[in-house]
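Student:
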Amino acid sequence: MNLPGDAPTNGAETTALPVSAPHAGVALGAPEETPFRRIAGDFAASKLALFGLALFALIVLCALFAPLISPQNPYDLAQLDVLDSRLEPGSRSGDGKLVFWLGTDDQGRDMLSAIFYGLRISIGVGVTATLCALAIGTTLGLAAAFFGGRTDSLIMRVADIQLSFPAILIALILLAVLGQGVDKIVVALVAVQWAYYARTVRGSALVERSKEYMEAARCLALPASRIVFRHLLPNCLPPLIVVATVQVAAAIALEATLSFLGLGLPITEPSLGLLIANGFTYMLSGKYWISFFPGVALLATIVSINLVGDQLRDVLNPRLQR
Amino acid sequence: MLVFIIRRLMQSAVVLFAMSLLVFVGVYAIGNPVDILINPNADQQDIERAIRGLGLDKPLWEQYLVFLRQAALGDLGKSFAFNVPALQLILERMPATLELATAAMLIAVVVGLPLGLWAGLKPDSFAGKSIMAGSILGFSLPTFWVGLMLIMVFSVYLGWLPSNGRGPTTDLFGVPVSFLSWDGIRHLVMPATNLALFNLALVIRLTRAGTREALLQDYVKFARAKGLSDARVIGVHVLKNISIPIVTVTGLQFGTLIAFAIVTETIFAWPGMGKLIIDSINVLDRPVIVAYLLIIVTLFIVINLVVDVLYSVLDPRVRLGDTKA
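First to last, the protein sequences are chains L and V.
The letter at position 226 of the first sequence is residue 226 when you use this note's numbering, and the numbering goes up by one with no holes.
The letter at position 33 of the second sequence is residue 33 when you use this note's numbering, and the numbering goes up by one with no holes.
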């Protein structure tokens with residue numbers, strides 16, 4: 001049974017025209033005009049956004065296939081040679097086999113390889129934290145909008161108060177209490193981020209709740225869980241996707257900052273932030289590359305995600321729809 | 001207004017209470033308070049006496065009440081590392097942080113306002129577009145990395161500015177400050193600029209958006225029709241009307257600056273509260289951690305309250321009925 005608003009792919013379309021949802025898949029005009037294609041087409045209209053997407057895809061591929069494309073395994077001590085330590089970019093290793101395109105760190109580790117492996121950890125932590133925060137925040141936000149009353153004011157008050165403190169402070173408090181570790185930094189990032197999703201989803205859910213298709217769903221006496229997850233949620237997705245995209249970048253930046261301060265990841269999980277922190281000591285003696293290149297990788301990741309997020313915001317905004 | 005302030009104060013008390021509970025549970029229940037509060041070199045008898053002396057043999061809720069009572073009296077314990085009261089230690093470092101944050105705010109406003117105005121008046125010019133592109137970078141660049149790059153360029157390669165510390169301080173009404181001596185200013189410039197970047201981008205964007213909106217308003221058209229000079233139209237009429245959001249946001253951002261000073265102070269070895277908390281976390285100086293967290297939360301609550309009240313004073317259209325945090 002395909003109720004109005006039931007198909008999740010109709011998200012963006014139904015925000016503007018909820019009643020037309022059943023037709024969306026059946027095509028208005030050209031047979032290929034699915035919502036996904038329309039969004040993809042709009043997205044591709046911006047060259048900058050396409051560039052961002054391509055850059056991000058490249059970075060993710062580097063992170064995914066790090067063991068295959070890295071010149072060396074930077075954490076296999078047998079492959080490191082202390083004699084190669086702190087070599088300038090472009091120099092050769094002592095045995096002449098490797099070229100260190102981005103130089104080496106204090107243990108003779110190839111920076112390029114270290115960055116590929118660091119990207120895995122940074123992106124992994126950022127994406128995991130964002131997905132968890134998305135799930136928790138969305139559930140709480142939907143609950144607030146659906147139940148209203150006390151539940152609503154309690155959840156939103158907590159979110160408001162939390163949002164009045166800067167993210168770095170909340171994360172710092174939690175990490176000071178919890179200590180170091182991958183799981184702990186994910187907890188801290190989730191605690192920082194859930195409120196954004198809760199607020200976003202509550203806002204759009206309150207708008208959607210009063211629309212006809214929701215009334216229809218209620219008249220059919222569907223169970224609350226089905227109404228919330230099959231009808232309400234899909235129609236609240238577009239703004240959530242935008243917020244989630246931007247928040248991945250924010251999570252990666254925050255994790256890097258905390259790790260740089262020595263509060264985030266332990267030394268056994270060398271994310272980009274830790275690589276930069278490690279190079280800080282050598283920067284004063286002019287060995288810039290140990291900090292500089294991980295920073296460029298971090299910057300490229302954040303900027304590419306933000307470019308994609310900016311364009312998604314325009315494409316998925318029903319008020320700007322052409 | 002009075003009702004609003006009272007309600008906000010009550011809400012603040014609840015937040016502070018919740019925070020103290022979180023910090024208390026985190027520090028005293030998850031970690032072992034004996035390890036935390038008692039000198040590890042003490043013998044068994046001393047330890048037992050200290051446990052009784054600190055009230056650690058009492059149930060947790062009673063300990064919490066004692067902790068609250070002492071905190072209310074300003075006793076937040078003694079720092080292990082420095083062996084002075086934690087509160088005093090933090091208050092000593094506070095002027096350095098406040099000076100840094102104030103300098104950063106000044107840079108953000110003094111530089112950001114003209115740039116934003118320019119970008120708003122000439123949005124399609126090359127300069128306008130460059131300013132906007134720069135402001136996007138200001139949002140995206142991670143603060144700590146920019147700090148490192150500043151040190152690399154200005155300290156290591158050019159050798160113009162010192163890379164760490166606060167330099168000599170001069171007493172101003174009994175408070176040590178850096179900005180009164182040339183060497184102090186040289187020490188202050190780089191950390192303050194680093195801390196200012198994010199807010200600089202923010203002020204540019206706010207000013208630009210405000211200017212573009214204001215230029216379309218009737219009062220600007222009317223001022224122009226009256227034959228006022230451009231300088232007067234923009235300097236008085238436009239600037240006055242866009243100042244409200246800028247004041248609010250910069251005010252609210254002041255708290256954020258103090259929080260982000262943690263990062264900047266660590267990079268530039270600036271002897272403020274932020275560096276103190278990081279050092280304390282690294283050596284597990286728990287009383288200082290607890291004291292810092294409670295003080296900074298209180299500071300935030302006060303800043304948020306002051307900004308909300310100021311907002312309603314500046315803009316009479318704002319009604320303070322709705323309670324925001």
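All residues carry an ideal CB built from backbone N, CA and C; glycine is no exception.
Return the CA-CA distance between Glu-208(L) and Leu-240(L), expressed in angstroms with no decimal places.
Tutor: Cα to Cα, Glu-208(L) sits roughly 14 Å from Leu-240(L).
Student: Under DSSP, the alpha helix (DSSP H) around Val-175(V) begins and ends at which residues?
Tutor: From DSSP, Val-175(V) is part of no alpha helix (DSSP H) but of the beta strand (DSSP E) over 175-177.
Student: Between Ile-267(L) and chain V, is the shortest Cβ-Cβ distance under 9 Å, so that the two count as touching?
Tutor: Chain V contact via Cβ: absent.
Student: Should Asn-306(L) be flagged as near chain V, meaning a C-beta pair shorter than 9 Å?
Tutor: Yes, Asn-306(L) counts as interfacial toward chain V.
Student: Along the alpha helix (DSSP H) that carries Gln-88(V), what are the first and last residues, could you check?
Tutor: 86-121 is the span of the alpha helix (DSSP H), which, as asked, contains Gln-88(V).
Student: Which of helix, strand or coil does DSSP assign to Ser-140(V)?
Tutor: Helix.
Student: Just tell me which of Ile-5(V), Met-273(V), Leu-16(V), Leu-121(V) has its CA closest to the CA of Leu-294(V).
Tutor: Comparing Cα-Cα distances from Leu-294(V) to each of Ile-5(V), Met-273(V), Leu-16(V), Leu-121(V), the minimum goes to Leu-16(V).
Student: What residue ranges within the region 210-241 of chain V form continuous beta strand (DSSP E) runs of no fewer than 3 residues, ordered along the chain?
Tutor: Runs of the beta strand (DSSP E) inside the region 210-241 of chain V: none found.
Student: Determine the closest residue to Asn-199(V) out of Gly-255(V), Pro-168(V), Gly-159(V), with distance taken between C-alpha atoms.
Tutor: With distances taken between Cα atoms, Asn-199(V) lies closest to Gly-255(V).
Student: Report the residue from Gln-311(L), Asp-106(L), Val-248(L) whose alpha carbon sits nearest the alpha carbon of Gly-124(L).
Tutor: Among Gln-311(L), Asp-106(L), Val-248(L), the Cα nearest to that of Gly-124(L) belongs to Val-248(L).
Student: Using a Cβ cut-off of 7 Å, pull out every chain L residue sitting near Ala-259(V), in sequence order please.
Tutor: Here the neighbours are Pro-166, Ile-168, Leu-169.
Student: Indicate whether at least one CB of chain B lies closer than 9 Å to the CB of Gln-63(V).
Tutor: The question asks about chain B, but that chain is absent: this structure's protein chains are L and V.
Student: Using three-state DSSP, classify Arg-92(L) as helix, strand or coil.
Tutor: Reduced to three states, the DSSP call for Arg-92(L) is strand.
Student: Determine whether the Cβ of Pro-142(V) lies closer than 9 Å to any Cβ atom of chain L.
Tutor: Pro-142(V) counts as touching chain L.
Student: How would you write the range of the alpha helix (DSSP H) that Tyr-282(L) sits in, first residue to last?
Tutor: 272-283 is the extent of the alpha helix (DSSP H) around Tyr-282(L).
Student: Could you round the C-beta distance between Val-192(L) and Ile-170(L) to whole angstroms and report it? I think they count as a contact, below 8 Å.
Tutor: Confirmed, about 5 Å.
Student: Report all residues from its chain with a CB closer than 6 Å to the CB of Ala-231(V); omit the five preceding and five following residues, and keep chain order.
Tutor: Answer for Ala-231(V): no residue qualifies.
Student: Using alpha carbons as the reference points, say which of Asp-310(L), Lys-287(L), Asn-317(L), Leu-307(L) lies closest to Ser-85(L).
Tutor: The shortest C-alpha separation from Ser-85(L) is found at Lys-287(L).
Student: Going by DSSP in three states, Leu-9(V) sits in which element: helix, strand or coil?
Tutor: In the structure shown, Leu-9(V) sits in a helix (DSSP, three-state: H, G or I).
Student: If the cut is a Cβ gap below 7 Å, which residues of chain V does Tyr-288(L) touch?
Tutor: In chain order: Met-152.
Student: Would you report the Cα separation of Arg-157(L) and Ala-101(V), rounded to the nearest angstrom?
Tutor: If you take the alpha carbons of Arg-157(L) and Ala-101(V), they lie about 29 Å apart.
Student: Can you give me the Cβ contacts of Gly-128(V) inside the same chain, cut-off strictly under 6 Å, excluding the 5 residues immediately before and after it?
Tutor: The residues are Ala-119, Lys-122.
Student: In chain V, what lies closer than 7 Å to Phe-280(L) by C-beta?
Tutor: Going along chain V in sequence order, the residues near Phe-280(L) (Cβ under 7 Å) are Leu-148.
Student: In chain order, what residues of the same chain lie with their CB nearer than 7 Å to the CB of Cys-236(L), ignoring the 5 residues before and after it?
Tutor: The answer, listed in chain order, is Val-201, Ser-204, Ala-205, Glu-208.
Student: Decide yes or no for the touch test of the region 248-262 of chain L against the region 116-132 of chain L: beta carbon pairs closer than 8 Å, at least 3 of them.
Tutor: At 8 Å Cβ cutoff, the stretches touch.
Student: Work out the CA separation of Trp-194(L) and Val-306(V) for me, nearest whole Å.
Tutor: If you take the alpha carbons of Val-306(V) and Trp-194(L), they lie about 27 Å apart.
Student: What do you reckon, are the CB atoms on Leu-272(L) and Ile-115(L) nearer than 9 Å?
Tutor: Yes, they are a contact pair.
Student: Identify the continuous alpha helix (DSSP H) that holds Asp-208(L) and give its terminal residues.
Tutor: Per the sequence presented here, residue 208(L) reads as Glu, with Asp not at that position. Run containing Glu-208(L): 182-209, per the alpha helix (DSSP H) assignment.
Student: Roughly how many angstroms lie between the CA atoms of Pro-316(L) and Arg-205(V), to the nearest whole one?
Tutor: Correcting the residue type first, residue 316(L) is Leu in the shown sequence and not Pro. Roughly 23 Å separates the two Cα atoms.
Student: Quick one: what does DSSP say Val-26(L) is sitting in, helix, strand or coil?
Tutor: For Val-26(L), the predicted model reports a pLDDT of 45, less than 50, meaning its position is unreliable and no value from the coordinates is stated.
Student: So is Cys-219(L) buried or exposed if we call it buried at 16+ other beta carbons inside 10 Å?
Tutor: The residue in question, Cys-219(L), is exposed, as its Cβ has fewer than 16 Cβ neighbours within 10 Å.
Student: State the start and end residues of the unbroken alpha helix (DSSP H) segment that holds Asn-73(L).
Tutor: Per DSSP, Asn-73(L) belongs to no alpha helix (DSSP H) and is neither H nor E.
Student: Taking C-alpha atoms, which residue in Ser-155(V), Leu-87(V), Leu-216(V), His-237(V) lies nearest to Gly-74(V)?
Tutor: Of Ser-155(V), Leu-87(V), Leu-216(V), His-237(V), the residue nearest in Cα terms is Leu-87(V).
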